[in-house]
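Some notes on the structure that comes next.
2 protein chains.
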Amino acid sequence: MARKPATLDPQRLDNQICFAVYSAAHAFNRVYKPLLDRLGLTYPQYLVMLVLWERDDLPVKEIGEKLFLDSGTLTPLLKRLEAAHLLKRTRSREDERQVLIALTPQGHALKEKARSVPQSILAASKCAVSELVAMKDEIVALRDRLNAVIGE
Amino acid sequence: MARKPATLDPQRLDNQICFAVYSAAHAFNRVYKPLLDRLGLTYPQYLVMLVLWERDDLPVKEIGEKLFLDSGTLTPLLKRLEAAHLLKRTRSREDERQVLIALTPQGHALKEKARSVPQSILAASKCAVSELVAMKDEIVALRDRLNAVIGE
DNA sequence: GCAGATTCAATTGCGAACAATTAAATGTGA
DNA sequence: TCACATTTAATTGTTCGCAATTGAATCTGC
Chain A
1 MARKPATLDP QRLDNQICFA VYSAAHAFNR VYKPLLDRLG LTYPQYLVML
51 VLWERDDLPV KEIGEKLFLD SGTLTPLLKR LEAAHLLKRT RSREDERQVL
101 IALTPQGHAL KEKARSVPQS ILAASKCAVS ELVAMKDEIV ALRDRLNAVI
151 GE
Chain B
153 MARKPATLDP QRLDNQICFA VYSAAHAFNR VYKPLLDRLG LTYPQYLVML
203 VLWERDDLPV KEIGEKLFLD SGTLTPLLKR LEAAHLLKRT RSREDERQVL
253 IALTPQGHAL KEKARSVPQS ILAASKCAVS ELVAMKDEIV ALRDRLNAVI
303 GE
């Protein structure tokens, strides 16, 4: 049984892209934390707000599709954002199964306060924008291939 | 106020590398799930086992440093792995503050059963190994820069 | 040797994340 | 029309992830 050199052993933690992604996600979270604390948001809540700042009045389902999250995650999260007066949840009148999510004036206003966040993250990454964009595109392509496999 | 084109707006979800990483981590998790179910492990538990398969008899602290996790996460997770008879937790005799984690025979044996996991992930990623290695190195470098900023 | 600081694991409390199930509304085919 | 399937959100239960705190063991300077 030929022993592989450590740098090629696929069962080693440091050789796994998945752990790289997993640990990078946590590192991002820790950088975001103090920035989002000032807005009173957690990172997943911030993601929901980003979606709503682009387009308002969406059903829960559609927010879930954009963020790859299901109602088990979103329902309580949206209730917390509603309790913080950032959005309102209303049953659709055309289709009573849907709950539509609409920003309150405070929810809209928060977009301005959040404007500096991406720049702070960029600074922390100590990386050229062009490099980050290239990396992002690669990671998104990988994610989409993985998600395609799940659907099989 | 010059409106940026959508492809450059840093406040757009699709332009954020962080969301790419966040959603890729979840996609990986979903691909791992059925593979790890057969081993009776969750993904974070699998990470701990990877660490211990490389080196046994580690204090909780050291496992935490390798995985970027703290005792609040690890203590209950390790207790569950102990309940599954995969490892044993023992207070160090030289330093009673430390708890040493050692694999049981079953814990060691699981390494063989887990050997095929990385290959299945590789297949799901539909990507050349060389490309994945390059991506992994970039992501690790980014992660380490982010973690360096946090320590400031 | 001893007071005070530091280290380490455990605990508590809260917010994700997701599987599985439930209940209500809507759609579909005969 | 009516039985049956599908869609949508909510709910329940388990596991992470982390901040903050606790308590015990160890280290440090004097």
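As they're listed, the protein sequences go chains A and B. All letters in the first sequence, in the order written, are residues 1 to 152 by this note's numbering. All letters in the second sequence, in the order written, are residues 153 to 304 by this note's numbering. For each residue, glycine too, the CB sits at the ideal point set by N, CA and C. Nothing here was measured: the structure is a model prediction, and the numbers come from that model.
Provide the residue(s) that pair with B:Pro211 in DSSP beta bridges, ordered along the chain.
B:Leu252
Leaving out five residues before and five after A:Trp53 in sequence, what residues of the same chain have Cβ atoms less than 7 Å from its Cβ?
Lys111
Under a Cβ-count criterion, where at least 16 other Cβ atoms within 10 Å of its own Cβ denotes burial, should A:Leu8 be classed as buried or exposed?
exposed
Name the DSSP bridge partner or partners of B:Arg243?
B:Val251
Which of the three DSSP states, helix, strand or coil, is assigned to A:Thr73?
helix
Note down, in chain order, every chain B residue with its Cβ under 9 Å from the Cβ of A:Gln98.
Simply none; closest approach about 21 Å.
Considering only the beta carbon of each residue, do B:Leu252 and B:Pro196 sit closer than 7 Å?
no
Could you name the residues of the same chain whose beta carbon sits closer than 8 Å to that of B:Val173, not counting the 5 residues immediately before and after it, in chain order?
Ile291
Could you round the C-beta distance between B:Ser175 and A:Leu142 to whole angstroms and report it? I think they count as a contact, below 8 Å.
Going by Cβ atoms, the distance from B:Ser175 to A:Leu142 rounds to 10 Å, so no, they are not a contact pair.
Give the residues from the stretch 10–23 of chain A that approach chain B closer than 9 Å (Cβ to any Cβ), ordered along the chain.
Pro10, Gln11, Arg12, Leu13, Asp14, Asn15, Gln16, Ile17, Cys18, Phe19, Ala20, Val21, Tyr22, Ser23
Neighbour flag for A:Pro105 against chain B, beta carbons, 7 Å
no
On a CA-only basis, which of A:Glu131, A:Leu74, A:Leu13, A:Gln98 is nearest A:Thr42? Give me that one, please.
A:Leu74
Find the residues of chain A that neighbour B:Gln271, judging by a C-beta separation of less than 9 Å, and give them in chain order.
Pro10
I want to verify the contact list: residues of chain A whose CB lies under 8 Å from the CB of B:Ile215, in sequence order.
Ordered by position in chain A, no residue passes the 8 Å Cβ test against B:Ile215, which lies about 11 Å from the chain.
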